[in-house]
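Take the sequence shown: its letter number 205 is residue 205 in UniProt numbering, and every next letter is one higher. Let me begin by presenting the structure, written as structure tokens, before commenting on it.
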Amino acid sequence: MRSLAREGGAVARWDVARAARPGRCAGAGLAGFRDLGTGPVAVGLVPRPAVTLVVEFGDGPFSVVDGSGRQHRGSLAAGLVPPGGARLRGEGVTCVEVHLPPPTAFRVLGIRPAELAGGVVPLDALWGRDLARLREQLWAAPSWRERFALTDAVLSDRSGTGPSADPEVARAWHRIVAARGRIRIGELAAEVGWSRGRLWSGFRSQIGLTPKRAAMLVRFRYAAHRLVAGASAAAVAAECGYVDQSPLHHETVAFTGLTPAALAGDPGVTVDDTGWTDPRPGGR
Numbered sequence: 001m002r003s004l005a006r007e008g009g010a011v012a013r014w015d016v017a018r019a020a021r022p023g024r025c026a027g028a029g030l031a032g033f034r035d036l037g038t039g040p041v042a043v044g045l046v047p048r049p050a051v052t053l054v055v056e057f058g059d060g061p062f063s064v065v066d067g068s069g070r071q072h073r074g075s076l077a078a079g080l081v082p083p084g085g086a087r088l089r090g091e092g093v094t095c096v097e098v099h100l101p102p103p104t105a106f107r108v109l110g111i112r113p114a115e116l117a118g119g120v121v122p123l124d125a126l127w128g129r130d131l132a133r134l135r136e137q138l139w140a141a142p143s144w145r146e147r148f149a150l151t152d153a154v155l156s157d158r159s160g161t162g163p164s165a166d167p168e169v170a171r172a173w174h175r176i177v178a179a180r181g182r183i184r185i186g187e188l189a190a191e192v193g194w195s196r197g198r199l200w201s202g203f204r205s206q207i208g209l210t211p212k213r214a215a216m217l218v219r220f221r222y223a224a225h226r227l228v229a230g231a232s233a234a235a236v237a238a239e240c241g242y243v244d245q246s247p248l249h250h251e252t253v254a255f256t257g258l259t260p261a262a263l264a265g266d267p268g269v270t271v272d273d274t275g276w277t278d279p280r281p282g283g284r
């Protein structure tokens, strides 16, 4: 989930597009964002249960400032839990955003999602000339449909460059997503035929989160989707399996720095949810 807001408080206007059909890269989701307003934009990188790639090809400056104040320029790869306070800043931002389930990201990026450590890595450090070529092609493409096809081709070509996740880890991840995070870890371990300790270790080394933290993140993403759709905090808490509104409030603040009410009313979060209409994060 991202939070987008125009610097100075005015609402940003966005052209938002979503790939109409699945591509060749398993589970990848693609969306396009173009800022139609004037003036700089600040984008908070809020965690979601997917590795996020942002391929920018606009005219204006584009960078990410992390929680420590370090600035990273250009296209990026962000882990499951970006560093607190990280913000994307730019003007005339135009980009294709890709969400990859961690087992798929493992193969496409050539590194384990755990190696991102929840942080932000320049995408050119991972893709080199492939990224430069893709940005040129995206700039020249006349429509989002062509841009999505070009991006999907690169993802497909690179899907064998990295190692594969253990089948048990991949199966457990997709099971967590299918259950919207509402699954007991002992039950999950039994399903894949591993001990709790082995599943815990496999997730930490290959996904970058423990199974419990991954389940919390998936559940939160669905809860955020429901809040933005207009459901009350009480209804969302009941629907998503929280004991009451207090844990929902705690997780929302922990993941986003916003209360549930503020999250639901954030105009940029609404823009993001428009681009990602499927509420099953990481499973696209």
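Every residue gets a Cβ at the ideal spot worked out from N, C-alpha and C, and that includes glycine. All of these numbers come straight from a predicted model, not from anything done at the bench.
Secondary-structure assignment with DSSP links C95 through a beta bridge to F33, E56.
For L138, the secondary structure class from DSSP, reduced to helix, strand or coil, is helix.
When the beta-carbon positions are compared, V154 and W173 stay at least 9 Å from each other.
When DSSP states are grouped into helix, strand and coil, W194 belongs to the coil group. Take L248, set aside five residues on each side of it, and the residues of its chain with a beta-carbon closer than 8 Å to its own are A223, A233, V236, A237, C240, Y242, P260, in chain order. A straight-line Cα-Cα distance of about 43 Å links R198 and R34. In summary, S246 is exposed, with fewer than 16 beta-carbon neighbours lying within 10 Å of its beta-carbon over all protein chains present. C-alpha of K212 to C-alpha of I185: approximately 7 Å in a straight line. Between C25 and D152 the beta-carbon gap is near 6 Å, inside 8 Å, which marks them as a contact.
The segment 200-214 makes no contact with the segment 17-32, as fewer than three CB pairs between them are under 8 Å.
Residue burial is scored here from C-beta neighbours: L36 has fewer than 16 other C-beta atoms within 10 angstroms and is therefore classed as exposed. If you look at P113, you'll find it in the alpha helix (DSSP H) that goes 113-116. When Cβ pairs closer than 8 Å are counted between the two stretches, the segment 130-141 is seen not to touch the segment 176-192, the count staying below three.
Here DSSP, grouped into helix, strand and coil, assigns V243 to coil. Between D59 and G92 a beta carbon distance of about 5 Å is seen, short of the 8 Å cut, so the two are scored as contacting. M216 and P47 have their alpha carbons spaced roughly 11 Å apart. In the DSSP annotation of this structure, the continuous segment of the alpha helix (DSSP H) that includes S156 starts and ends at 144-158. Of all C-beta pairs linking the segment 160-177 to the segment 93-110, three or more are shorter than 8 Å, placing the two stretches in contact. Of the candidates L263, A170, T210, the residue whose Cα lies closest to the Cα of A231 is L263. Take the alpha-carbon of T104 and the one of A149: they are about 18 Å apart.
Distances from the alpha-carbon of V96 to those of W194, A189, R145, P22 put R145 closest.
E251 is positioned such that its CB atom lies closer than 9 Å to that of R219.
In this structure, A114 places its C-beta atom within 9 Å of the C-beta atom of I207. Taken through DSSP and simplified to helix, strand or coil, P40 comes out as coil.
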